[in-house]
Every structure is written in C-alpha cells, then in structure tokens.
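Read the structure below first, then the notes.
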Amino acid sequence: MAGRHEELAREQAVVTRLYARLDELRAVARARLAEVRREGPSGSPQNRSERDAFATLYADRAAQLDAVEDRLAFGRLDLEDGEVRYVGRLGLADDEHRSLLTDWRAPAARAFYRATARHPDGVRRRRHVVTSARTVTGYEDEVLDLDAVTDGMDVSSLSGEGALLASLATRRTGRMADIVATIQGEQDRIVRDDLGGALVVQGGPGTGKTAVALHRAAYLLYAHRRVLERSGVLLVGPSRAFLRYIDQVLPSLGETGVVSTTVGELLPGLRATDVDDGPVAEIKGRLLWRAAVRRAVRARERVPVRDVAVRVDGVDLSIRRRDVREAIARARRTHKPHNEARATFVREMLAKLVDQYRERTDSELSDHDVAVLQEDLRADRDVRVAVNLAWFPLTPERLVADLWAKPHRLEEAAPELTAAERSLLRRSPDAPWTESDVPILDEAAELLGVDDSVARAESRAAETQRAAELEYARTVLESTGAGGGLVDAQTLADRFAETGPTLTTAERAASDRSWTYGHVVVDEAQELSPMAWHAIVRRVPTRSLTIVGDVAQTSSAAGARSWPQALDPVLRDGWRLSELTVSYRTPAAVADAAQRVATAAGLPVSPLTAARDVPDSLQVDRSDDPSGRAATRAAALAQEHVAADGSGRVAVIAAQDALPGLREQVAAALSDTLGADEATRLAGQRPEDAQVVVTSPREAKGLEYDAVVLVEPADVAAGPGRWGDLYVAMTRPTQVLVVVHSRALPEGLVHAG
C-alpha cells in the first residue's frame, strides 16, 4: 500500500508542474502586453484598432491568470477507463495542447460535483486536494466504485464530505470565500442551469445562495462567452458592504467582466445611500410611479393660459396658444423622450414665428434669411422663456425633487395616493437621495431622455477641445519638425485622441444608464420593491436573470412576501423556481431555533436541514444589563474565535437605536480584556477589515461570522416587518450564537439553549 507521504509527494509534483505552467503563461501574457504597448499609436486606423483589442485581450488574460493563484488545483477524478483528470480554477494545457488542468466550469468537470455511488458517471474515485499557497497539505478520497478500494489505496484517507465540512469550520474573514472546490450536487445543478429565462433560487440561511449565484455567473460567462462578452453581466447586491464582501469571488473564479452595483447606484454618477422609513419606502416602491412619472413629464408640456406677445427685430409677434398646442401634438407623435422630442417642438414653434414674421413684414425670405431669423428668435430672451415654459427641458433629479417638494406637483402626478400618503413623501428639494428614489429617478430618466441643451453644450465643449488639440499638434510639428512634412496637424491630433485607454465592456456598461445586459444576477432579491424590479428588468431585455433570496428574510416594507407577488407583474410566467434545502453554514441547534422563531411569527420559511451539529452552538444568557453583558461576551468570543492573521470574525447584532451606546461598551470591553492595541486592531481600518463589529440585522444581511452575540431579540423584532430581521440576525454565525436578553424571549427561543 502506498504510504500517505508518498501520495502527498505525487500530488505535490502535479501541483508544482501546474503552477510552473501558470507562471509560464503569465510571463507570456505580460510580455505580449508590453510589446503591444511599446508599439504606440501608429499605422492605419485598422491597425490601431487591432492593437487596442490585443492590449485588452492580454491585459484581461494577465488579470485572469493572477486571480487564480490560490488553490489553482483542488480536485482529481480517477475514471473507469484509467484516465486521471485534475480539476481547478481554470483550464491549462501544455505546448502540445494536451490538457493539464480542467476548468471547473467545463462539461468534463461536471462529474466532480455530481457523481455519486449510485450514479458514478464513469468515476472510480474522486479526490479533494488540499493546498496552502503552492504546497499540498492533504487530500481526501471518495470511492464511488467499491471494487477500487483494494487497488493499493490508503483507506484512511477515504471520506464523504470532509472537504466541505473542513471548509465550513475555517474562520471567517472580511471577504467571501468561493465554494468551487466543495460545490454540492443540488448547488451544481443550479450553477449549470440554462441561460434562458429567469431562474429563482429560494433557500434558507446558510444554503449557499450567494455563492451559487456568483458561481453561476462565472459559469455562464464561460459557457456563453460569445453572447455575454459583448453585453456583460450585471450583479445587483443589497449594499456596498455586501459587494465589498464578495468582490474577490468572481475574479478568483477566472471572471473579471461583471458590473457590481446596488439599487441605490443603478444610475451612473449617483449614489443613494440614505434609506427611507418603512411606510415611505413602501409607497415609493409601488408600480403606480410608472404612470405618475409619465403624468409629471406631461405636465411640463403645457399650453399657456393666454397668448404671449414678443418683439423681435422691431416686429411684434405672438406665441399663440393654438400654435403651442399643435407643436406639442407634433412633438409627441415622434414618440421620443421628453427632452429629445423638445427639439421637434422648438423647431415647430420657430417655424410658426417665421411664418408670422413673413405675414407682418409682407416679405419674401430666402433660406439664408430664414436661418438667420430662426437664430435670432432662438436667442431672444422672451421667446426662449415662452418656449421653455411650454416645454421645459428637465433632468430626472429636478423632476422628482419637485414631486417631493411641491405638493401640487405630487397631487397632479399621483392622484391615486391619499393626502396622508402624499404628506409622508414631503421633503425639502435639497434632501439627499434615498435608495427608494432611484427606481423613480430611473423611470424619469427613461421618459425624459437626454436634455438637448446639455447635448449642445457637450458638442460645443468637444469642438473647443478639438480646436485645442489641433493647436497643440501644430505647435509640436513646428517646434520639433516631427513628421518630415508627411504628417499634418489633423493626423497628429487624431493620434493623440486614440492613445487613451480602451474601456472594457464592464466599464462601458457601468457608465451607461441605458446599457442592456445579457444576464443579470440579483442577490437578496426579496428586498426589492416592484419599482426596483421594473428598473432591473429594463436592463435585461432577454429576461435572462438569476434571482436569489429568501422571502422569510424580507425586512424592507416594500419587499416581497412571495415570489409570485414580486415577479409576476414584471416577468409574468417567464420564471422558474429552484430550492436549496441544506444549510451548510448554520449549526443545527441555531438553525432549529431560528426556524421555530420564524414559524411562530408566520414567516414563509423554507424547509431547512442543517449539515452539521456544533456543540454548545446556541447559548442563552439572561442579564439585567444586556448591553454590558453582550460587550463582555463579545470580548471573550474574540479571544476564542479571532486569530492574529486576520481571520475569524465576531458580530454583535442589535436593534438600530441601540448601536451607538453598544459600540462604546464593546470597544471598552475589548480594551479591558485584550488591551488597547489589540482592540484597535480588531476594529480595523475599514468596516470590511474589522474582526469585531457592532451592527444591525440589515447591515449584516448576506454576511457571516464565526460567532454572533444577539442583543435583546425582542427589540430586534419590534415593529412591523421586523421578524425577518430577527431571523436574519439569528442565522449569521457558523460556530456559535449567544443570545443576551433582559426582556421576554420570542416564542421559539424560550426553551432554547
């Protein structure tokens, strides 16, 4: 029987060879990128375009190769025909194009995730290879053909789910770890599901919804690259903290071309971080705003109450009501957005005024005379004011701010709302934007289009910039004699303009509100309002989406209580449901208690089976000073679960209004227990780096910690729709949940611990 040390040495030799090949490919990609960059802006336009394309290709390839350094190879399949196939983060081949490593997304790797003893799929043995940096530290075997056990195999290494359970036992960090080495069968089926239509992944806490969604994005980019590389993939998460938490997962899986955003950042150049109160968020989330915004836009296309007299070049003219009415009708028949249709309105009004001028002066006007007169009319202040009052150029921000600040505007646009509801929306015009505002702003942007005055200003700025570039090019040619008379200033200026960076698909998509994506992934999707769904679906005309969430964890007043309620209005019957039923994160005792609490509160919880049982994972601690006791317990848990290498995380979760005082108490307890320097280190320079955090359930949504101290669960659950917050808070830990309370415990927790 081959000894375990000899088997480790064999695997080390393979892994060393794979990393050597990776280093070779990295060097080639970097060398080619440097060579392309050295060529500079020369040659024909086609040559320059090809150069930019190759530069982007090599830069992307180098980034992809750099991103897979950790756990390059993690699996091995011994097949019935004698072939040995290694599985890893991306595919590698030697110079003769012989496969060295199979990409985890490739069909040839599917058996690594799906093969079972009942359905071995041609696999005799599946091996999980464990590495640290570039060193093999262990392996675990699963034999799917029992006759193979006698083939000189180290039976002490045989295991069924050891690799998965080992990964769950590792300490948490401020970044999400991928699950590519431990994807389970039900997860893999979802990852590889078809691109078409909307796939809804419903799963309770700890079932791996987020990880599955990210791996699905990576898989789709791999399997449908020709379709998606031109249009890109949009990932919508619940918060910027959440996006920072997951931002390394896709690059580590070999994909860098995804746009990540929140609902509050859907509009380029605008970041809405404020959150409305529950009732306000619910009102703003209703689909009635589609019609309300349209009415608000139409209200800015209006006929004056009387004719308006103007005087141009000594001639009395009139902005007549009937002319305005006809011009508005003509502009609306273009079916263009408001600001773009305004050009038609202005052109029609200027033509009407020119006709009046002809009649009043009884003169024949040449085409040149007409053009000059139109410019005079356009420049006249009285004409400009009258035309703007009839068809006002608007930005989405101005339109929506007026709705919230001016009661008559809101009543005119949204008569469906009650007076009380409209009063809730009232705020000053300079108030910061909230996340609930963004879908309404997006609707306004869709109906308004681009302000033609802004476009003209940009055009003038571009002309000024071009003139400056030409002047600079002339100066260069005159002072240096460059070009030998064969290159003129125009050509040189063109080359200056073409040396700027080439934007990737993701970069172009992120800066373009009207960009349409090939696929959209929505995480914590139960929190989205109907208006938010409308804004997201607008960005994916193919209706190809991966939607992951848990309706039992809904905390937003505007969120979903069921998937049909949320999705039928925007997708009709174009969606299908898959469920994840095994909780890999949450210890059994914690998962059971959370399920009891949620069921007693009437939440629509999904059936959940915990994958592991951790001793003493649920502890209930009654105290007359719950905040002080929570701080003490947090410091003790930090000693036990947090390591100096930056791994391990402890969270203290409480109701929002309790956080300020609680943060001070936790900081003091950490300093008393561990010392001031260690307390400062654990607090971290940035929120995502902190190893001990004090946070609310909503801020903790989607995240996970080694240990959680839950303070006063009755307060967390107080208020409409807050039971989902308590369910979220209880299901964040991977090792232990400590409940500290002075008030009565919610039903389901009374006999826990």
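In the numbering used here, each residue's number is its place in the sequence shown (first place is 1) plus 463. Cβ coordinates follow ideal geometry from the N, Cα and C atoms, glycine included.
For T598, the secondary structure class from DSSP, reduced to helix, strand or coil, is strand. For A876, the closest of R763, T968, K815 by C-alpha to C-alpha distance is R763. Note: E1042 is bridge-paired with Q665 in the DSSP secondary-structure output.
In the DSSP assignment, V756 falls within the unbroken alpha helix (DSSP H) covering 751–761. In the structure shown, the three-state DSSP call for T1194 is coil. Residue range 562–566 is occupied by the beta strand (DSSP E) that includes S562.
For G1182, no beta strand (DSSP E) encloses it, and the DSSP letter there is neither H nor E. Cβ neighbours of V743 within its own chain (closer than 6 Å, five residues either side excluded): L887. The C-beta distance from V690 to G1091 rounds to 57 Å, too long to fall under 8 Å, and the pair is not in contact. Beta-bridge annotation (DSSP): Q1082 is paired with V1201. By the neighbour-count criterion, in which a residue is buried when 16 or more other Cβ atoms sit within 10 angstroms of its Cβ, H801 is buried.
Around the C-beta of P1183, fewer than 16 other C-beta atoms lie within 10 Å, and the residue is accordingly described as exposed.
Where Y482 is concerned, the enclosing alpha helix (DSSP H) starts and stops at 467–502. Boundaries of the beta strand (DSSP E) harbouring L698: 696–700, taken from the DSSP string.
In the displayed model, G727 falls within a helix according to three-state DSSP. With 16 or more other Cβ atoms from the protein chains shown falling within 10 Å of its own Cβ, V664 counts as buried. Residue pairing by DSSP places G551 opposite A536, D566 in a beta bridge.
Counting C-beta atoms within 10 angstroms of its own C-beta, R872 has 16 or more neighbours from the protein chains shown and is therefore classed as buried. For L1008, the three-state secondary structure derived from DSSP is strand.
The DSSP-derived three-state label of R889 is coil.
Per the coordinates, the alpha-carbon of L542 lies some 38 Å from the alpha-carbon of L1166. By the Cβ rule, the stretch 1029–1040 counts as touching the stretch 982–993, because three or more pairs are nearer than 8 Å. As for any alpha helix (DSSP H) of minimum length 4 sitting wholly inside the stretch 752–835, the runs are 784–795, 801–824, ordered along the chain. In this structure, A908 lies away from V863, with their beta-carbon atoms at least 7 Å apart. Sixteen is the threshold: since fewer than 16 other Cβ atoms of the shown chains lie within 10 Å of the Cβ of P1004, the residue is exposed. The way I'd put it, the stretch 1086–1102 does touch the stretch 1193–1209; three or more beta-carbon pairs between them come closer than 8 Å. Comparing C-alpha distances from P767 to each of A1139, V848, F517 shows the shortest one belongs to V848. Between A1015 and P1067, the CB-CB gap stays under 7 Å. Taking R1039 as the centre and dropping the five residues before and after it, the same chain places the C-beta of G660, A661, L662, V663 closer than 8 Å to its C-beta, in chain order. Annotation: the continuous beta strand (DSSP E) that includes A1170 extends over 1168–1174. Annotated as proximal: G695 and T968, with beta-carbon spacing under 7 Å. Put simply, the stretch 1107–1117 does not touch the stretch 1060–1077. Fewer than three CB pairs are less than 8 Å apart.
Your pair R552 and L535 checks out as a contact, with CB atoms roughly 6 Å apart and the cut at 8 Å.
About 12 Å separates the CB atoms of P731 and R1002; that is not less than 8 Å, and the two are not in contact. In the DSSP secondary-structure assignment, W854 is bridged to E764. The Cβ neighbour count for V835, taken over all protein chains shown within 10 Å, is under 16; the residue is labelled exposed.
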